[in-house]
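The numbering of the sequence shown is UniProt numbering, which starts it at 1 and goes up by one.
Virtual Cβ for every residue (Gly too), placed ideally from N, Cα, C.
Here the structure is a predicted model, which means the values were calculated and not measured.
Let me begin by presenting the structure, written as structure tokens, before commenting on it.
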Amino acid sequence: MDLTLTPEMARFRDEVRAFLQAHRSEYDAGQPKDVLAWQRLLIDNGYAARTIPKAYGGYGAEPDILKSRIITEEFIRADAPRGIANQGVSMLVPTLLEVGSEEQKKQWIGPTLRGEVIWCQGYSEPGAGSDLASLQTKAIEAGDDFLISGQKIWTSTAHQADMIFCLVRTEPDAPKHEGISYILFPMTTPGIEVRPLTTMTGHAEFNEVFFTDVRVPKANVVGGRGRGWFVANTTLKHERGMLGDPNATEARLNALIELMKTETVGGERIIDNPLFRDRLMQLQARVFAMKFNGMRLLTAAQTGEGAGLAGLVVKLQGCELNHQIAALAIDALGELGILYHDGPHLRARGNWQRNYMFDLGLIIGGGTAQIQKNIISERGLGMPREPSPAKA
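What follows is the structure, encoded as structure tokens:
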């Protein structure tokens, strides 16, 4: 793609820089001082929810890939927070825009964009992770409602969420991919129990969620009853894009470079150590490759072409790169890298340590690395399907 900016795009870049400079006091080290106020400011100025129609609470701009790219670049350069990117904003909102009813769009998109409603995703079950279509959480008809019973697991932020977008089996006799519905309901509905799962980060980011005769209106189904597998894959498409965002990975690489410039051993900067520098350069080359792969995707989007193989590699490469960048940061910190609680020697509030352990889970979540490799080989490279396990 042609990276030369037209005069119009150059002026737009100046506008973004001026905005960030004018509001510099409202964020620090990539974090807003008031999350909801910052989100409203970004939406009002077209730097978040940019292309979402005003009728649904967005800014209402026409899609312009180059302007979106400029916004991302300038926010990274200024180390400015890019707004809320939780499961509701990044996954549910684009799903509703594609397949939601008009009433669902008007009810949920605006409050979700503004951060007023927090969502969790009810997909995985103890016996249905990689084989998600095997899920057993059932919904039985009760007049105009469903009664939902079953269990979900690895449910991120369920302990904080106001709402859940959940996959349930509404047609038990249908083939497993055809008997599923995608349904929205409040986490305060009677019959829901949330049990936190503490991970190796020391925090309970995930939960088990139990449903016992949870009454939910049938009108809350998204995309049509029994079409949940199609709707779920629409959400997964956006989830994989979120997990493999090359701009976020580039921002993390830049933070690593700054860390290696400031940390020293025996008076020598870590970045000047040839062994550490070689590792950094290897990661930098891969980050640049993903960045330019992202530009290839932008070019494809501009010309109306499918993402193809370039789109299939994003989640796998992005998640593995993020973990390896955190691993190098831990090594660069030396003995400080094992610190985890607040103290005078903790760096970046312990984010490197937390990312190192949390990102290992993201290589598994949202479709494991093994699943992603199968998708790349079968759908992207046209290789034969993986043989099914032999029956015992």
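Kindly indicate which residue of I148, T234 and K67 has the alpha-carbon position closest to the one of G46. K67
L312 versus G150, A174, H323 and R296, residue with shortest Cα-Cα distance: R296
Between the Cα of A310 and those of F12, G380, N207 and A37, spot the shortest distance and give me the residue it belongs to. G380
Helix, strand or coil: which one does DSSP assign to I183? strand
Look up V117 in the DSSP assignment and say whether it is helix, strand or coil. coil
Suppose you measure from the CA of F211 to the CA of K218; what does that come to, to the nearest Å? 16 Å
Is T235 closer than 7 Å to T95 when the C-beta atoms are compared? yes
Enumerate in chain order the residues of its own chain whose CB-to-CB distance from E193 is below 6 Å, with the five nearest sequence positions on each side excluded. F210
How about V287 and L253: do their beta carbons lie closer than 7 Å? yes
Does E263 come out as helix, strand or coil in the three-state DSSP assignment? coil
Say whether the segment 166–179 touches the segment 225–232, bearing in mind that this needs 3 or more beta-carbon pairs closer than 8 Å, one atom from each stretch. yes
Determine the closest residue to K237 out of F165, S90 and I70, with distance taken between C-alpha atoms. S90
Based on the DSSP secondary-structure assignment, which residues constitute the bridge partners of R296? Answer is none; R296 lacks a bridge partner.
Tell me whether T137 sits in a helix, a strand or coil according to DSSP, three-state version. coil
May I ask whether a heavy atom of the ligand MN can be found less than 6 Å away from the beta carbon of G110? Although the ligand MN was asked about, the structure shown includes no ligands whatsoever.
Classify L5: buried if its beta carbon has 16 or more other beta carbons within 10 angstroms, exposed otherwise. exposed
So, with DSSP's three-state summary, where would you put R225? coil
Name, in chain order, the residues that DSSP records as bridge partners for residue 403. Outside the shown range of the chain (1 to 392) lies residue 403, about which nothing can therefore be said.
Alpha carbon to alpha carbon, what distance is there between L167 and G233? A small fix is needed here, since residue 233 is Asn in this sequence, not Gly. Cα-Cα distance, rounded: 11 Å.
Mind the definition here: the segment 361–370 touches the segment 317–332 only if three or more C-beta pairs lie below 8 Å; say whether that holds. yes
Is E73 helix, strand or coil by DSSP? helix
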